[in-house]
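>
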Ligand code: DGL
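Numbering (our numbering), first residue to last: 133 to 397.
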């Protein structure tokens, strides 16, 4: 049975979703969190929608078996490919993706209604943000650029890649000069925020902020906030390599990760 003491389940294809976990931990320090990184199947962004959907349903099933009281899809690509089917398959669990909140924040921020999106090839091909943004505002113009290499470059240690600035400059240069707001449409990108800022000077939106606020709202409404006075625990699971995950994860979260468990779903 789900109770207010149950965990929040969070997943991504790798370390990217830790940028969302970090915001959730800030807003809800008393909550127990379970994080699953499907790094054996990373990157998701180059795969077919149905393949990602199948992987995500397995992860959601794992989190449901762990009795999670809410599932946070901390991955834009997985949100595009699987949000609706996870909601349908697990109707008793609230499921939150990152795209809706990211789009709301961007609309609230833009002054000239010209918004850019950088994301994985699948998120761009499926118009994940484009659809959401044009539903929220009739006047908005959206420019999208797929950054094929970034997820893997970040998973393997961004600074190890000598061509990182050339690629960043290239992708940002593909966006029209007049956009005033840029959505980081992949949860891996806030990890390289300082480098992105070197090439884009407008407002940068990290959807993690809005989506963690959405979680607080849902848990409050459902009376599911953990009333404990102690800090919650975080459990980490991976489907692939655990050492690099731990090293990069500790940097992102600025904390020690005691244990990363490897599991096959
Ligand atoms: N963090 C995922 C996202 O937000 C990366 C997807 C991938 O594995 O390509 O889209």
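The C-beta atom is built at its ideal place from N, Cα and C for all residues, glycine as well. Note that the coordinates shown come from a computational prediction; the quantities given were computed from them, not determined experimentally.
Would you kindly report the start and end of the unbroken alpha helix (DSSP H) that includes residue 261?
As a working note, residue 261 is residue 129 in the chain shown. First-last of the alpha helix (DSSP H) with residue 261: 260-268.
> Counting only the same chain and skipping the five closest in sequence on each side, list residues whose C-beta sits under 6 Å from that of residue 163.
On the chain shown, position 31 is the one that residue 163 refers to. Counting only Cβ-Cβ distances below 6 Å, and skipping sequence neighbours, we find 140, 358, 364.
> Heavy atom of ligand 1 less than 6 Å from the Cβ of residue 343, yes or no?
What you label residue 343 is simply residue 211 of the chain shown in a count that begins at 1. Because no heavy atom of ligand 1 lies under 6 Å away, the Cβ of residue 343 does not count as near it: no.
> Tell me which residues share the same chain as residue 228 and place their Cβ nearer than 8 Å to its Cβ, disregarding the 5 neighbours each side in the sequence.
For the purposes of this step, residue 228 is identified with residue 96 of the chain shown, where counting begins at 1. Only 202, 203, 204, 205, 343, 346, 347, 350 meet the Cβ criterion.
> Around the C-beta of residue 240, are 16 or more other C-beta atoms found within 10 angstroms, so that it is buried, or is it exposed?
What you label residue 240 is simply residue 108 of the chain shown in a count that begins at 1. By the neighbour-count rule (16 or more Cβ atoms within 10 Å), residue 240 is not buried but exposed.
> Span of the beta strand (DSSP E) holding residue 180?
Residue numbering aside, residue 180 sits at position 48 when the chain shown is read from its first letter. Per DSSP, residue 180 belongs to no beta strand (DSSP E) and is neither H nor E.
> Rounding to the nearest angstrom, what Cα-Cα distance links residue 243 and residue 272 in this structure?
The residue you call residue 243 lines up with position 111 of the chain shown. The residue you call residue 272 lines up with position 140 of the chain shown. In a straight line, the C-alpha of residue 243 is about 10 Å away from that of residue 272.
> Can you confirm whether the stretch 305-318 touches the stretch 184-195 when touching is taken to mean that 3 or more C-beta pairs between the two stretches lie within less than 8 Å?
Because the criterion of three Cβ pairs below 8 Å is not met, the stretch 184-195 and the stretch 305-318 do not touch.
> When burial is assigned at 16 or more other CB atoms within 10 Å of the CB, is residue 361 buried or exposed?
For the purposes of this step, residue 361 is taken as the residue at position 229 of the chain shown. Per the 10 Å Cβ criterion, exposed.
> Mind pulling the beta strand (DSSP E) runs of 3 or more residues that sit fully within the stretch 343-372?
Runs found: 366-370.
> Applying the 10 Å Cβ sphere with the 16-neighbour rule, what's the burial state of residue 246?
Sequence index remark: in the chain shown, residue 246 carries index 114 (1-based). With 16 or more Cβ atoms within 10 Å of its Cβ, residue 246 is classed as buried.
> Beta-carbon within less than 7 Å of residue 303's beta-carbon, same chain only, minus the 5 sequence neighbours each way: which residues are those?
Here residue 303 refers to the residue found at position 171 when the chain shown is read from its first residue. So the qualifying residues of the chain are 250, 277, 279.
> Who pairs with residue 168 in a beta bridge, going by DSSP?
Counting from 1 along the chain shown, the entry for residue 168 is found at position 36. Partner(s): 143, 369.
> Which residue or residues does DSSP assign as beta-bridge partners of residue 393?
On the chain shown, position 261 is the one that residue 393 refers to. Residue 393 pairs with 369.
> Please tell me whether, using a cut-off of 6 Å, the distance from the CB of residue 182 to the nearest non-hydrogen atom of ligand 1 is below it.
Taking the first residue of the chain shown as 1, we reach residue 182 at position 50. Residue 182 Cβ: outside cutoff for every heavy atom of ligand 1.
> When DSSP labels each residue in this structure, what does residue 323 get in the three-state scheme?
Here residue 323 refers to the residue found at position 191 of the chain shown. Residue 323: helix per DSSP, three-state reduction.
> Which complete beta strand (DSSP E) runs does the stretch 241-307 hold, if anything under 3 residues is left out?
As far as the stretch 241-307 is concerned, its whole beta strand (DSSP E) runs of at least 3 residues are 246-251, 273-278.
> Any heavy atom of ligand 1 closer than 6 Å to the beta-carbon of residue 381?
As a working mapping, residue 381 is identified with position 249 in the chain shown. No, since every heavy atom of ligand 1 falls outside the 6 Å radius drawn around the Cβ of residue 381.
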